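Down below is the structure, laid out as structure tokens.
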Amino acid sequence: MAQEITIRLILVAVVCFGGSSLQFGYNLAVVNAPEPILKAFFKDVKSFDTFLWPFAVAIFAIGGMCGAFIGPHIATKVGRKNTLLLNNILAICGGLLLAFTKPAKLVGLLIFARILLGLNAGVNTVVAPMYLSEIAPVNLRGSLGTINQFGIVSGLLLANILGLPQLLGTEKGWPYLFGMTAVVAAVQLCLLPFCPESPRFLLLNKQDSAAITNLRLLRGYENVDDEVEAIKLDVERDASVKHTTVLELLMNRNYRKPLIISIVMQLSQQLSGIGGILSYSTSLFIKLGMDEKNGPAATCGVGALSVVMTGITVVLVEVSGRRRLMLIGLGGMVVCYSIVTVSLVFKSASWAKVLAVVSTLASVTAFQIGPGPIPWFIVGELFTQSSIAAAVSIAGPTNWLGNFAVSLVYPKMQDKIHPYTFIPFEILLILFFLFTYYFVPETKGRTVAEISAVFRNNYASTDVEKHVQELFNFYTNVGPETFAGHKRLFCILDNFSSKTISYQSL
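What follows is the structure, encoded as structure tokens:
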């Protein structure tokens, strides 16, 4: 039966949208529009080191990696809602420290605040989607699941708009621009106590009465017995399954191919070079020939386009499939980066500036079609429930490390090889395209069990050919009369493990 959206469900969705995913996107992009002003501040405070500014931008990702790692463990101990509540302390502290960076004239304060906000973002990226998925009714789970990505791109857009020179992107205004994140966190801190805790978490901790009460609030009706029983069965089933550790995941060859695919997909998102555009698009547009007033406006165009394309991709991903969209996105980015490169080489031409801006915006469109949203959820489609936690603990930090690397080296690339900045990313995108084409299966319309069976069958068919051929060669060489009872035969069959061939049938 289709279930309606209730006030409490809307409240949780709004709180997670504004206080978690939007917060992440905002802090990711807030350094973009006022970049020239911030660089001037760095220079005034201490002798400007060209490495220090990109380090201050990139350190956010290191905090994010740590937050993504510890977030699930905290959520298991104290609950999803309480984890988000505590996480706001990091955002408030980070926002206030950023706001007082200018009066204190301490660059180190800004860097430390960026680490705190990265920690906050890392926790938000794993706990908020977990919270939403556990409180949502089945028929609304997909719709609520898109809130995370919408929040991130909306945060990017908000940061770019507020960072305009006409608003807070000024020498006097940037401390307030940075401090806004503390205000958003304070609002979430006030609203979260009115949100119910995840019924699944409560049932896991034997708090059945509280779980029933919260589920009634979320559903808007009294009779929730069937859903409670369904959650209990799911919890019991999950508890009965032996969960795979990270070491077991790395050692088990049945997981090897899906793990490699997950890691490469995460790297394709960040090593596509999109971090350079999202964090440094203002300086990029200025180098393309725009003045310092129009650069931030073009950056707002990047944010707006991201929001629009995220909405379109939500529909496309269920119609066209994950693999096809990934290929279109990767291929589209290669084409767009090639056009940007040509425009930069011939930037003195009258057509170059417009073409470069248009192709940069088109590359963002291509990114949001494939490499942007798909790596986030394909991990969950490649692994079973028993191994998903270990897979995420490997794939997630890989994404953040890629973010850190690109944010750190992109400004150097702009300075050293400016017209050809995007060529290294083009090469990587071509490699990711080939990898996706040859190795990534289509997951649309297939269960995790069916996809896992594909990987197991790939290994099985390889082993069948290998071991049957070895057995046949041995049989031919020694002759049938010495075949029975030979020790080597049993070694071969032992290597065959679970993929048994009947000796009598040969």
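Convert by adding 1350 to the 1-based position in the sequence shown; the result is the number in our numbering. Cβ coordinates follow ideal geometry from the N, Cα and C atoms, glycine included. All values reported here derive from a predicted model rather than from experimental measurement.
Annotation for Lys1762: the continuous alpha helix (DSSP H) segment containing it runs 1738-1766. The three-state secondary structure of Lys1637, taken from DSSP, is helix.
DSSP places Tyr1571 in the coil class of the three-state scheme, outside both helix and strand.
Nearest neighbour of Val1574 by Cα position, chosen from Ala1589, Asp1588, Arg1587, Asp1558, turns out to be Asp1558. Assignment of Thr1793 by DSSP, reduced to helix, strand and coil, places it in the coil class. Excluding the 5 residues flanking it on each side, Pro1386 has same chain C-beta neighbours closer than 7 Å at Glu1642, in chain order. Taking a C-beta distance under 7 Å as the contact criterion, Lys1452 and Val1395 do not qualify as a contact pair. Annotation for Ile1497: Ala1363, Cys1366, Phe1367, Ser1371, Leu1482 place their beta carbon closer than 8 Å to its own, counting only its chain and skipping 5 residues before and after. The C-alpha of Ala1379 is placed about 26 Å away from the C-alpha of Arg1430. Its chain contains Phe1410, Gly1413, Gly1414 as the residues whose beta carbon lies nearer than 6 Å to that of Gly1468, once the 5 sequence neighbours on both sides are disregarded; these appear in chain order. Distance from the CA of Ala1712 to the CA of Arg1673, rounded to the nearest whole angstrom, comes to 20 Å. Taken atom to atom, the span from the alpha-carbon of Ala1449 to that of Val1533 is near 11 Å.
Listed in chain order, the alpha helix (DSSP H) elements of length 4 or more contained wholly in the segment 1663-1724 are 1672-1695, 1702-1719. By the CB criterion at 7 Å, Tyr1788 and Tyr1630 fall outside the cutoff. DSSP, reduced to helix, strand and coil, places Gly1413 within a helical segment of the structure shown. Within the segment 1453-1505, the runs of alpha helix (DSSP H) that reach at least 4 residues and sit entirely inside it are, in chain order, 1457-1485, 1491-1495.
With fewer than 16 other Cβ atoms inside 10 Å of its own Cβ, Gln1516 counts as exposed. In the displayed model, Thr1531 falls within a helix according to three-state DSSP. Fewer than three Cβ pairs drawn from the segment 1652-1664 and the segment 1683-1703 lie within less than 8 Å of each other, which leaves the two stretches out of contact.
DSSP places Gly1625 in the helix class (H, G or I) of the three-state scheme.
For Pro1549, the enclosing alpha helix (DSSP H) has its first and last residue at 1549-1554. Sequence-distant Cβ neighbours of Ser1504 in its own chain, meaning closer than 7 Å and more than five residues away, are Leu1372, Gly1375, Val1657. The beta carbon of Ala1425 sits closer than 6 Å to the beta carbons of Thr1433, Val1477 from its chain, once the five residues preceding and following it are set aside; these are given in chain order.
By the neighbour-count criterion, in which 16 or more other beta carbons inside 10 Å mark a residue as buried, Ile1610 falls on the exposed side. With a contact defined as Cβ atoms closer than 8 Å, Ser1618 and Pro1769 miss out at about 24 Å. Gly1645 is not a Cβ neighbour of Phe1775, given a cutoff of 7 Å. Shown here for Gln1499: same chain residues with a beta carbon closer than 6 Å to its own, the five before and five after excluded, namely Thr1660, Pro1723 in chain order.
Note on Asn1438: 16 or more other CB atoms within 10 angstroms of its CB, so buried under the neighbour-count rule. In the structure shown, Cys1545 adopts coil according to DSSP, grouped into three states. About 3 Å separates the beta carbon of Ala1535 from that of Ala1441, a gap short enough to meet the 8 Å contact definition.
Annotation: Gln1538 to Ser1612 spans about 32 Å, alpha carbon to alpha carbon. Counting only residues of its own chain and dropping the five nearest sequence neighbours on each side, Ser1633 has a CB closer than 6 Å to the CB of Glu1385. Boundaries for Asn1602: no alpha helix (DSSP H) harbours it, and the DSSP string shows neither H nor E there.
Contact between Leu1567 and Pro1546 holds, since their C-beta atoms are separated by about 5 Å, short of 8 Å.
With fewer than 16 other CB atoms across the displayed protein chains lying within 10 angstroms of its CB, Thr1595 is exposed.
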